[in-house]
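Chemist:
There are 2 protein chains.
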Amino acid sequence: MERQSAVIRREITAIPLFNGLPQRQYDQLAGIALDRSYAGGQRIFSEGDEGIGLYVLVSGTVKVYKLSPEGKEQTLHVFGAGEPFGEASVFAGQPFPAHAEALAESRVLFFPRAAFVELIKEDPSLALNMLAILSRRLRTFAALVEDLSLKEVPGRLAAYLLYLSEQRDLTDDLILDMAKNQLASLLGTIPETLSRILSRMARQGLIHAAGRRIKIMDRRGLEALAQAERRL
Amino acid sequence: MERQSAVIRREITAIPLFNGLPQRQYDQLAGIALDRSYAGGQRIFSEGDEGIGLYVLVSGTVKVYKLSPEGKEQTLHVFGAGEPFGEASVFAGQPFPAHAEALAESRVLFFPRAAFVELIKEDPSLALNMLAILSRRLRTFAALVEDLSLKEVPGRLAAYLLYLSEQRDLTDDLILDMAKNQLASLLGTIPETLSRILSRMARQGLIHAAGRRIKIMDRRGLEALAQAERRL
DNA sequence: CGTGGCCTTGATAAAGTTCAAGAGCCGTGG
DNA sequence: CCACGGCTCTTGAACTTTATCAAGGCCACG
Chain A
96 MERQSAVIRR
106 EITAIPLFNG
116 LPQRQYDQLA
126 GIALDRSYAG
136 GQRIFSEGDE
146 GIGLYVLVSG
156 TVKVYKLSPE
166 GKEQTLHVFG
176 AGEPFGEASV
186 FAGQPFPAHA
196 EALAESRVLF
206 FPRAAFVELI
216 KEDPSLALNM
226 LAILSRRLRT
236 FAALVEDLSL
246 KEVPGRLAAY
256 LLYLSEQRDL
266 TDDLILDMAK
276 NQLASLLGTI
286 PETLSRILSR
296 MARQGLIHAA
306 GRRIKIMDRR
316 GLEALAQAER
326 RL
Chain B
96 MERQSAVIRR
106 EITAIPLFNG
116 LPQRQYDQLA
126 GIALDRSYAG
136 GQRIFSEGDE
146 GIGLYVLVSG
156 TVKVYKLSPE
166 GKEQTLHVFG
176 AGEPFGEASV
186 FAGQPFPAHA
196 EALAESRVLF
206 FPRAAFVELI
216 KEDPSLALNM
226 LAILSRRLRT
236 FAALVEDLSL
246 KEVPGRLAAY
256 LLYLSEQRDL
266 TDDLILDMAK
276 NQLASLLGTI
286 PETLSRILSR
296 MARQGLIHAA
306 GRRIKIMDRR
316 GLEALAQAER
326 RL
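Residue numbers (our numbering), protein chains in the order written: chain A, 96 to 327; chain B, 96 to 327.
1) Which residue marks the beginning of the alpha helix (DSSP H) containing A:Lys216, and which one marks its end?
2) At a Cβ threshold of 8 Å, is B:Gln322 touching chain A?
3) Between which two residues does the alpha helix (DSSP H) holding A:Glu182 run?
4) Looking at the C-beta of B:Glu145, does it have a partner C-beta in chain A at a distance below 8 Å?
5) Which residue comes first and which comes last in the beta strand (DSSP E) that contains B:Asp313?
6) With DSSP collapsed to three states, give me the class of A:Phe174.
7) Determine the direct distance from the alpha carbon of B:Ala254 to that of A:Ala101, and round the result to whole angstroms.
8) Here's the rule I'm using: 16 or more other beta-carbon atoms within 10 Å means buried, otherwise exposed. How should B:Ser132 be labelled?
9) Let's see if you can read the secondary structure: which residues bound the alpha helix (DSSP H) around A:Ile127?
10) Within the region 278-317 of chain B, note down every full alpha helix (DSSP H) run reaching 4 residues or more, in order along the chain.
11) Assign A:Asp122 to buried or exposed, taking buried as 16 or more other Cβ atoms, counted over all protein chains shown, within 10 Å of its Cβ.
12) Residues of chain A with a CB under 8 Å from the CB of B:Ile215: which are they?
13) Inspect the CB distances between the region 258-273 of chain B and the region 260-275 of chain A and report whether three or more fall short of 8 Å.
14) Measure the alpha-carbon distance for B:Arg181 versus A:Arg298 and round it to whole angstroms.
15) So, does the CB of A:Arg295 fall closer than 8 Å to a CB anywhere in chain B?
16) What do you get for A:Glu196, buried or exposed, if any count of 16 or more other CB atoms within 10 angstroms of its CB means buried?
17) Which stretch, first to last residue, makes up the alpha helix (DSSP H) that contains A:Arg251?
18) Taking B:Leu271 as part of the beta strand (DSSP E), name the residues at either end of that continuous run.
19) Note down, in chain order, all residues in the region 278-306 of chain A with a beta-carbon under 8 Å from any beta-carbon belonging to chain B.
20) Can you tell me which of B:Gly115, B:Arg208, B:Ala193, B:Lys310 puts its alpha carbon nearest to the alpha carbon of B:Ser220?
21) Three or more beta-carbon pairs under 8 Å between the region 231-251 of chain B and the region 283-295 of chain B, yes or no?
22) Name the DSSP bridge partner or partners of B:Gln169?
23) Can you pull the chain A residues whose beta carbon is under 8 Å from the beta carbon of B:Gln137, in chain order?
24) Which whole-angstrom value is the C-beta distance of B:Pro190 and B:Asp144, which I expect to be below 8 Å?
25) Exposed or buried, A:Gly146, counting other C-beta atoms within 10 Å across all chains shown (16 or more means buried)?
26) With burial defined as no fewer than 16 other Cβ atoms inside 10 Å of the residue's Cβ, what is the status of A:Gly175: buried or exposed?
27) If you follow the beta strand (DSSP E) that A:Gly148 is in, where does it begin and where does it stop?
28) The region 241-271 of chain B: which residues have C-beta closer than 8 Å to a C-beta of chain A, in chain order?
29) Exposed or buried, what is B:Lys310 when buried is set at 16 or more other beta-carbons lying within 10 Å of its beta-carbon?
30) With a 10 Å radius around its C-beta and 16 neighbouring C-beta atoms as the bar for buried, classify A:Val157 as buried or exposed.
31) Under the DSSP definition of a beta bridge, which residues are partnered with A:Arg232?
32) Helix, strand or coil for B:Ala109, going by three-state DSSP, please let me know.
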């Protein structure tokens, strides 16, 4: 257990949420953390479950999503290593508002609610980090809502491609980080529609698509489509 | 100034965000708060503005919304007395992600960013209150995203009417608290569509509508429409 | 080599938006 | 007191976007 705890402690220092904390806090965090692994496709929690703690993704990919009664899916967020999720319910004391599922083999650290709240009370910088993360997430949601209701699918796709490109230093050669299936859900549409729009964009010379590899051919054109994005 | 500050101090104690704080903190909050008033229709801040502080609505109504380049509007949130807004940018240090406008004559307290952050560092319960509020807001957004992408307009309207009814002790006689114009934006649609759907619901015997007064005639029917709401 | 997952393509249908016109309401000012 | 202009709201018809249904292609894995 000693060994394991040391590993966890090292991992905790690499998590942005825990940046700038005093050494003592790292020890305490490592003390309360539970180490869990999930296979790709495995459910981590379900909408309506009690919010009993905070999750931080150490490795892998996790999606958080809503399901309609007919089984249609809307992805709210796809998380990568280092990101926390499931916080909303920890602080508001409400059940999880959505489902979470590992997209690939994933490892998470789980911090039980009560102990985590104690730590926050002790160190304001942890609280501020958490506030910053929630604020950013709120902003992300605002953008998602905007996209869903103000832009049509080509605009959302264009915005997503440009976003991907930015992540990668503005390269024109992109590689989708998820199945198109999954991307459709993230964009609030279905695979058929996504497929059609990709081929239409290719026909119009905006992009060149081959499987998961997509090359931006006309950045200006994409920006025009995505324009709702940058309103002053 | 002394007088005014005393008034502000009293108002601050009535704000949920500041619940459970020590007396000292109330004084300090009152010390940094700026008192501002806005006429109905007046812009409070615009998307892209620097996030220089936190707003708390003392009286009136404020809407926060996004605008598409074509001028279509999506309301993200309508705030009533006691609610804070504009927090997202305070903690993440980013510009405001949306516009805010007073819907009616409104008074707000404005807390400049740096001073407010200082107070948070001093008292964890303020931080926890803030975290709880942001968490709840996140949940609201998740529900909004779900509605927009998983339900069609009649479902969203039904959900909204049932929500209104719940607010008012399950009465069947509702009075819309905003113009239909505005409601359309909140539901992510346009006035024409809202109008059509209201009359269709009336034709189907679900409701009885007269101007802003709407009577629920068939609660079960509405619940069926809104069903995506209550998934396990 | 066959089965199942993922992706594409086509035909069709449904929902919502746009455009246009007009009805109802209200406050102002003649 | 009534007429006017300006709102919000309603209604109809054409059009656009997207979903749905159905079929077939591609590819990896057993």
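Backbone N, C-alpha and C fix where the C-beta goes; we use that ideal spot for every residue, glycine too.
Modeler: In terms of the structure at hand:
1) 208-217
2) yes
3) 182-187
4) no
5) Note, B:Asp313: premise wrong, no beta strand (DSSP E); not H, not E.
6) strand
7) 50 Å
8) exposed
9) 118-127
10) 286-298
11) exposed
12) Pro219, Ala222, Leu223, Leu226
13) no
14) The residue you asked about is not Arg; residue 181 of chain B is Gly in the sequence shown. Between B:Gly181 and A:Arg298, the C-alpha separation is close to 43 Å.
15) no
16) buried
17) 248-262
18) Careful: B:Leu271 lies outside any beta strand (DSSP E) and carries neither H nor E.
19) Gly283
20) B:Gly115
21) yes
22) B:Lys161
23) What B:Gln137 touches in chain A: nothing, since even the nearest Cβ is about 18 Å away.
24) 6 Å
25) buried
26) exposed
27) 148-154
28) Glu241, Leu243, Ser244, Leu245, Lys246
29) exposed
30) buried
31) According to DSSP, which records beta bridges pairwise, A:Arg232 is partnered with nothing at all.
32) coil
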